[in-house]
Structure formats: structure tokens, C-alpha cells
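Just so it is clear: in the sequence shown, position 64 is 792 by my numbering, and no numbers are missing.
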Amino acid sequence: MSVRPKKGLGQHFLTDEATIHRIVEAVAAPPDGRVVEIGPGEGALTGDLLQRYPGLVALEVDDEAIAHLRRRFPALDVRKGDVLEVHWAALAGEAGNDGRPAATEERAGLTVVGNLPYYITSPILFGLLDARQHVARAVVMVQREVADRLVAPPGSKTYGTLSVYFSLYARAEKILDVSRLCFRPPPAVESAVVVLDFASAEAPDVPFGVLQKTVRAAFGQRRKMLRNSLGPLAREAGVDLPDWAATLRPEAVSPTAFVRLARYLGGLDAAPPGP
729 MSVRPKKGLG QHFLTDEATI HRIVEAVAAP PDGRVVEIGP GEGALTGDLL
779 QRYPGLVALE VDDEAIAHLR RRFPALDVRK GDVLEVHWAA LAGEAGNDGR
829 PAATEERAGL TVVGNLPYYI TSPILFGLLD ARQHVARAVV MVQREVADRL
879 VAPPGSKTYG TLSVYFSLYA RAEKILDVSR LCFRPPPAVE SAVVVLDFAS
929 AEAPDVPFGV LQKTVRAAFG QRRKMLRNSL GPLAREAGVD LPDWAATLRP
979 EAVSPTAFVR LARYLGGLDA APPGP
């Protein structure tokens, strides 16, 4: 018995076995690792994940899908809830099958996997970013355009805010392009699978809110030079924008250079930063 896809929930169920296998392999959690699946739907990934990770937690908002999953996988820990409201710290602190929490000094934290609803992809990604102290790794299916932005280098057309944040706070890698024909029903866009490794990234020495203020201002006027887009922040801080930055557009500024600019414009560094 299948689950009826609901347009209002952005449900497109993965059906391609090769893609399913690649995603499950990419999870790569330790045998005693705590894995959380977002929006399992019919359970395309769930069976293989449950075999490898008996403590798997499935987060699902659809009542029909929840009933289906409980019938199909009686041993599965299915929880009803909105992924945008998940308390990742509490989930990481729960004891797994071995009686220990997912996040300790010896253990990196949760591994999250899922085919993300495309209409709330950005809020989910930022939620994971915010929970990086508790989420070690995420393997997620997203719209291909979003995947390209996540891994875009400076100077490319797709380089933007997501590229900056996920370059600094994670190691992002696009591992697989996925055709729209691999889903039921097929979405209107192509997809891709991205691995976000938070555990191996060393966070920059700047509060995220300070960095975000600078990056948003810069890319909010993408076509303008930084002397125009960041000029108001510089005046607010009572400083002059460094000469090297004034004539650049945001896509030419590396993530680490944005960190230096953010610290300066945020009043954390007195001396103007170098490029």
C-alpha cells in the first residue's frame, strides 16, 4: 500500500534504487551513530537505513505516511513533527541503543538524511547550520540549483550567501545529480544530493549574526560594488571600507575575506582588513 503524495507538503517520493543506494552509502555514520531521517514518506531510504542503524529516528509530519511507516517498519522510531521545529540539541542528547547520547566529547553528533521538501529547503538548511554543534553530518536531496549554490566557488555565477555560509561552517560536496524522473510524482525541477560535513569544519572567529549582516548586505545588491552595498554598514560603524574591497562585487570576495570584513564592520577589529 503506497502513500498518496500531497502537493501541499511538497512530497515527491524517491523511487530510483541506484539513487537510494548512493544516499544510504553517503550517510557513512559509525555503527553506533545516531541517524535521523527527515520526511521519510513511503520509506524509500528507511529500510536500508534501519538495517544499518537500528536506532534510526524518522521525523514525519504526514499522518498517512506515519501510519504507513509504522506498519512497514514496526521497530522504527517514528515521530510526528515539523522539521522546522525540531530541537536538535535535545535529540542529540537522547540516549541511543547503546545508552549514550549522540553528542558527547567522543562522538560528533547526529547524522541527518532526507529528501527535503523544496519549498522549505532554505529554512531547513539554516536550521541545520544553526544546530551544527549537535549535527555532525547531513546528506540531503535538494533542488539542483540550490546544490550548485551550496558548493559554488567565488567568481562563479551561482556563488552567493549559501556558498559563503556553507563554505565556512561545513564542508559541502555535491555527490550526485538526480533526474526528476526518479520521483513519484516527478517534480518540475532537477535535483541533487549534497553532503554537508559540519564536524570537520572549523567555524570562523566571528558571531554568525555579525557575518550574516555583512554577507546579506553585500549580496542583497549583487550587481553593485561593495562601496555601495556595504557603504551604509561602514558609515554605521564609523569606518571607511578598505580600498581593496570598495570596487569589488560580492561574487569576487572569498568566504574568509567576508569574515575579515564582517569583523571590521561589526566593530570586532579596529584595523582595516587585508584582502
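Using N, Cα and C, we set each Cβ at its ideal position, and we do this for glycine too.
Taking only the alpha-carbon atoms, compute the straight-line gap between P768 and T774 and give it to the nearest angstrom.
To locate residue 768, count along the sequence shown from 1; it is residue 40. To locate residue 774, count along the sequence shown from 1; it is residue 46. Their Cα atoms are separated by approximately 7 Å.
Just mark E770 as buried or exposed, buried being the case when its beta carbon has 16 or more other beta carbons within 10 Å.
Translated into the one-based positions of the sequence shown, residue 770 becomes position 42. Buried: at least 16 other Cβ atoms inside 10 Å.
Among V763, V938 and V806, which residue has its Cα nearest to the Cα of V868?
Taking the sequence shown and counting its residues from 1, the one referred to as residue 868 is at position 140. Nearest C-alpha to V868: V763.
List, from N- to C-terminal side, the beta strand (DSSP E) runs of 3 residues or more that fit wholly inside the stretch 746-808.
763-766, 785-788 and 805-808
Would a C-beta distance cut-off of 8 Å place L993 and L958 closer than the cut-off?
Indexing the sequence shown from 1 puts residue 993 at position 265. Indexing the sequence shown from 1 puts residue 958 at position 230. Yes, the pair counts as a contact, with Cβ atoms nearer than the cut-off.
So, F986 versus V943, is the Cβ gap smaller than 8 Å?
For the purposes of this step, residue 986 is taken as the residue at position 258 of the sequence shown. For the purposes of this step, residue 943 is taken as the residue at position 215 of the sequence shown. Cβ atoms of F986 and V943: closer than 8 Å.
Using three-state DSSP, classify Q871 as helix, strand or coil.
Numbered from 1 along the sequence shown, position 143 holds the residue referred to as residue 871. Note: Q871 maps to strand in three-state DSSP.
Apply the 10 Å Cβ neighbour rule to T975 and answer buried if 16 or more other Cβ atoms are within range, or exposed otherwise.
Here the question's residue 975 lines up with position 247 in the sequence shown. The residue in question, T975, is exposed, as its Cβ has fewer than 16 Cβ neighbours within 10 Å.
According to DSSP, simplified to helix, strand and coil, what is K902?
The residue given as residue 902 occupies position 174 in the sequence shown. If DSSP states are grouped into helix, strand and coil, K902 belongs with the strands.
According to DSSP, is V938 part of a helix, a strand, or is it coil?
Counted from its first residue, the sequence shown places residue 938 at position 210. Reduced to three states, the DSSP call for V938 is helix.
Using a threshold of 8 Å, state whether the C-beta atoms of A965 and T839 are closer than that.
For the purposes of this step, residue 965 is taken as the residue at position 237 of the sequence shown. For the purposes of this step, residue 839 is taken as the residue at position 111 of the sequence shown. For A965 and T839, no; Cβs fall outside 8 Å.
Please go through the same chain and pick out, in chain order, the residues whose beta-carbon is closer than 6 Å to the beta-carbon of H796, but skip the five residues on each side of it.
In the sequence shown, the residue the question calls residue 796 occupies position 68. Only V731 meet the Cβ criterion.
Are the beta-carbon atoms of L787 and E765 separated by less than 8 Å?
To locate residue 787, count along the sequence shown from 1; it is residue 59. To locate residue 765, count along the sequence shown from 1; it is residue 37. It is a contact, given that the beta carbons lie within the stated cut-off.
V892 - DSSP class collapsed to helix/strand/coil:
As a position in the sequence shown, residue 892 is number 164, starting the count at 1. Residue state, collapsed to three classes: helix.
If we count the other Cβ atoms within 10 Å of its Cβ and call it buried at 16 or more, is G842 buried or exposed?
Position 114 of the sequence shown, counted from the first residue, corresponds to residue 842. Buried is the call here.
Alpha carbon to alpha carbon, how far is A999 from G937?
The residue you call residue 999 lines up with position 271 of the sequence shown. The residue you call residue 937 lines up with position 209 of the sequence shown. Approximately 21 Å between the Cα atoms of the pair.
Please determine, among L996, L989, G761 and Y887, the residue with the shortest C-alpha to C-alpha distance to R865.
In the sequence shown, counting from the first residue as 1, residue 865 sits at position 137. Nearest of L996, L989, G761 and Y887 to R865, Cα basis: G761.
Could you name the residues that DSSP lists as bridge partners for R865?
Counting from 1 along the sequence shown, the entry for residue 865 is found at position 137. Paired residues: T839 and D925.
Helix, strand or coil at P963 [DSSP, three-state]:
For the purposes of this step, residue 963 is taken as the residue at position 235 of the sequence shown. According to the sequence as given, residue 963 is Arg; it is not Pro. Note: R963 maps to helix in three-state DSSP.
Let me know the secondary structure DSSP gives A980 once reduced to three states.
Here residue 980 corresponds to residue number 252 of the sequence shown, with the count starting at 1. Helix, per DSSP.
Endpoints, alpha helix (DSSP H) assigned at P915:
Within the sequence shown, residue 915 is the residue found at index 187, counting from 1. No alpha helix (DSSP H) contains P915, which DSSP labels as neither H nor E.
List the endpoints of the continuous alpha helix (DSSP H) containing L856.
Numbered from its first residue, the sequence shown carries residue 856 at position 128. First-last of the alpha helix (DSSP H) with L856: T849 to D858.
Bounding residues of the alpha helix (DSSP H) (the contiguous stretch that carries R812):
Indexing the sequence shown from 1 puts residue 812 at position 84. Per the sequence presented here, residue 812 reads as Leu, with Arg not at that position. It is not in any alpha helix (DSSP H) - L812 carries neither H nor E in the DSSP assignment.
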